[in-house]
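Numbering (our numbering), first residue to last: 567 to 811.
No residue lacks a Cβ here, since even glycine has one placed at the ideal position from N, Cα and C.
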Ligand SMILES: Nc1ncnc2c1ncn2[C@@H]1O[C@H](COP(=O)(O)OP(=O)(O)OP(=O)(O)O)[C@@H](O)[C@H]1O
Ligand SMILES: [Mg+2]
C-alpha cells in the first residue's frame, strides 16, 4: 500500500512463515540466480515480493519489467516478449523492441507464467540457458543479462503432470522457489495486518483512528480470506471510506 522503493519491511507480518519469506527474499535478491519462482494464491503478495527482490538486487538501477502472461492474448505474448523486425508479420509496420530487451541488466517479472504456450515455454527456457534470443523475423541473436522472476498461483508440478507445463522449465524455475502462505494460515497476522492497514487508511482518508471490535476480530480470524491480503485491504478500505465509527 505504501509508495516508494520496495523494501523487505514492506512485506508485513509477524508470523514465522513470513519472517522466513523476508529472509528468502533477501537471499534470493543477493544471489546471482537467474531464475526465481514465487508461488502463492491470489493476493498473497507475489507482485510485492517480485518488486522487493528487484529493488534489493544489484540490478535495482536497471529496469523492472513485468508482463502478465494471462492478460495478453497468447498470440501477442511472443512479440511482447521478444519484439519483432519491421515486416516480420502482417501488421508489423515498424520494428518493436520486446520486453526481454527492455529488461536488459534488470529483472523480467513473468506473472502467471503457466499461461505461456508450449512454444513460448521452450523459447523461454532457451533464453534462460543462453541469455540470447532473436526478435521475430530476425536471424540475429541478441545477448541480454536478465533475471527472470516468475509467479504462479497454481501448483506448477500439477501442470507438469498434466502435460501443460514443461518439466525442464519447471525444474529450472524451481531452483529458488518462494512460497507465500495463504493469509488464513498466517495465524495472528490477519489481525496484525488489519491493524496496520487500518491505521494507514485512517491517516490517508483523514479520519480518526478506528479499532476493530473483539467481535469483528473473531470473525476476521475465522474467515478463510480467499482473496488473501488484497481482500483484507479492500474490505478495510471500504470500511474506512463508508462507515462511521
Ligand atoms: N505481507 C504483506 N504486507 C503488506 N502488504 C501486502 C503483503 N502481501 C500483500 N500485500 C499487498 O496486498 C496487495 C496484493 O498483493 P500482490 O498484488 O502482490 O498479490 P499477488 O500474489 O501478486 O496477487 P495476484 O495473484 O492476484 O496477482 C498489494 O497491495 C500488496 O502490496
Ligand atoms: Mg500479482
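8 Å Cβ cutoff met for residue i and residue j
i, j, result
"residue 769", "residue 710", "no"
"residue 612", "residue 746", "yes"
"residue 536", "residue 581", "There is no way to answer for residue 536, as the model of the chain reaches only from 567 to 811."
"residue 681", "residue 717", "no"
"residue 794", "residue 607", "yes"
"residue 669", "residue 631", "yes"
"residue 791", "residue 797", "yes"
"residue 691", "residue 734", "yes"
"residue 703", "residue 654", "yes"
"residue 625", "residue 713", "yes"
"residue 701", "residue 781", "no"
Environment of residue i [buried if 16+ CB atoms lie within 10 Å]
i, result
"residue 724", "exposed"
"residue 721", "exposed"
"residue 672", "buried"
"residue 771", "exposed"
"residue 568", "Residue placement at residue 568 is flagged as unreliable, the pLDDT there being 49, under the threshold of 50; a coordinate-derived value is accordingly withheld."
"residue 737", "exposed"
"residue 741", "exposed"
"residue 610", "buried"
"residue 623", "buried"
Continuous beta strand (DSSP E) stretch holding residue i: start and end
i, result
"residue 713", "713-718"
"residue 709", "707-709"
"residue 704", "No beta strand (DSSP E) holds residue 704; DSSP gives it neither H nor E."
"residue 605", "601-606"
heavy atom of ligand 1 below 7 Å from residue i C-beta
i, result
"residue 578", "yes"
"residue 745", "no"
"residue 724", "no"
"residue 606", "yes"
"residue 805", "no"
"residue 756", "no"
"residue 570", "no"
"residue 795", "yes"
Start and end residues, alpha helix (DSSP H) containing residue i
i, result
"residue 771", "Per DSSP, residue 771 belongs to no alpha helix (DSSP H) and is neither H nor E."
"residue 726", "722-727"
"residue 616", "612-622"
Which residues count as close to ligand 2 when the rule is a CB under 7 Å from any of its heavy atoms, in chain order?
612, 613, 677, 717
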